[in-house]
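Numbering (our numbering), first residue to last: 17 to 261. The beta-carbon is built from N, C-alpha and C at its ideal position, and this holds for glycine as well. Report on the structure given below.
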Amino acid sequence: MTEGIRLQKVLSQAGVASRRVAEKMIRDGRVEVDGQVVTELGTRVDPESAVIRVDGARVTVDESLVYLALNKPRGVYSTMSDDRGRPCIGDFVEHRVRGNKNLFHVGRLDADTEGLILLTNDGELAHRLMHPSYEVPKTYLATVLGTVPRALGKKLRAGIELEDGPARVDDFAVVDAVPGRTLVRLTLHEGRNRIVRRLLAAVGFPVQELVRTDIGAVTLGEQRPGSIRPLRRNEIGQLYKAVGL
Numbered sequence: 017m018t019e020g021i022r023l024q025k026v027l028s029q030a031g032v033a034s035r036r037v038a039e040k041m042i043r044d045g046r047v048e049v050d051g052q053v054v055t056e057l058g059t060r061v062d063p064e065s066a067v068i069r070v071d072g073a074r075v076t077v078d079e080s081l082v083y084l085a086l087n088k089p090r091g092v093y094s095t096m097s098d099d100r101g102r103p104c105i106g107d108f109v110e111h112r113v114r115g116n117k118n119l120f121h122v123g124r125l126d127a128d129t130e131g132l133i134l135l136t137n138d139g140e141l142a143h144r145l146m147h148p149s150y151e152v153p154k155t156y157l158a159t160v161l162g163t164v165p166r167a168l169g170k171k172l173r174a175g176i177e178l179e180d181g182p183a184r185v186d187d188f189a190v191v192d193a194v195p196g197r198t199l200v201r202l203t204l205h206e207g208r209n210r211i212v213r214r215l216l217a218a219v220g221f222p223v224q225e226l227v228r229t230d231i232g233a234v235t236l237g238e239q240r241p242g243s244i245r246p247l248r249r250n251e252i253g254q255l256y257k258a259v260g261l
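Encoded structure:
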């Protein structure tokens, strides 16, 4: 049975901080191992089994786990392969992620929608992110025709009855408007198929263009369509926190 690795070394190897800064974090009581605050610098842990948190956010120490953010372009299907030869997420992974490490995508976007999709081989995190009970918020930018009235946000927050049950947004704002077109931002924790398009169509504003910009703490930022980036340590920690891991 392994004696384990010094906690400060594990934190340093995980990219949390230099070993010296990690030692100060431990002394300051900012580090937990398996639910217990650890302040002893000599503490050894098994990085493959220990649950380590810094300031309440979980630290990933398993080097075999991969966490990526893809900006899915329009016209690309949310599948890892397509038997009809249509462009799909798997095409991007195949060319840009060595060995692809059995990655799968977290959630879906329809082919006409651009934006953020997470890719990982962390099955437990992916399962929880997709499960409606954890209510991880997702934010979208939608372009609609016409001028959006002020009262629309209140109406969407109150809830709209759709064919498969009521749906509502958590937040709604008009971002920009030009004659004949309005750009709106909406946040919701729903995961039902084409939910944003269906919601806006139900209130008389069919979507012309749609981009998902955020999933929980992960944001698209300036990431170009078709590009893939590894998630930062704090982003992974915040995703874990959002789903209770």
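Between valine 234 and leucine 226, the gap from beta carbon to beta carbon reaches 8 Å or more.
Using a 10 angstroms sphere on the CB of glutamine 24, the tally of other CB atoms reaches 16 or more, which defines it as buried. In the DSSP annotation of this structure, the continuous segment of the beta strand (DSSP E) that includes glutamate 225 starts and ends at 223–231. By a beta-carbon distance limit of 8 Å, arginine 69 does not contact glutamate 39. Their separation comes to about 17 Å. Between the segment 211–227 and the segment 119–131, the count of Cβ pairs shorter than 8 Å is three or higher; the stretches touch. Between histidine 205 and aspartate 186, the C-beta spacing is below 8 Å. Glutamate 110 places its beta carbon 8 Å or farther from that of arginine 60. A distance of 8 Å or more separates the beta carbons of leucine 202 and arginine 184. Tyrosine 256 and arginine 74 have their alpha carbons spaced roughly 6 Å apart. Taking the Cβ atoms as the reference, leucine 145 lies roughly 14 Å from leucine 86, outside the contact range of under 8 Å.
Scanning its chain for C-beta atoms nearer than 6 Å, with the 5 sequence neighbours on each side dropped, one finds around arginine 245 the residues Ala85, in chain order. By the beta-carbon neighbour count (other beta carbons within 10 angstroms, threshold 16), proline 63 is buried.
Here valine 200 is not near valine 152, since their CB atoms are 8 Å or more apart.
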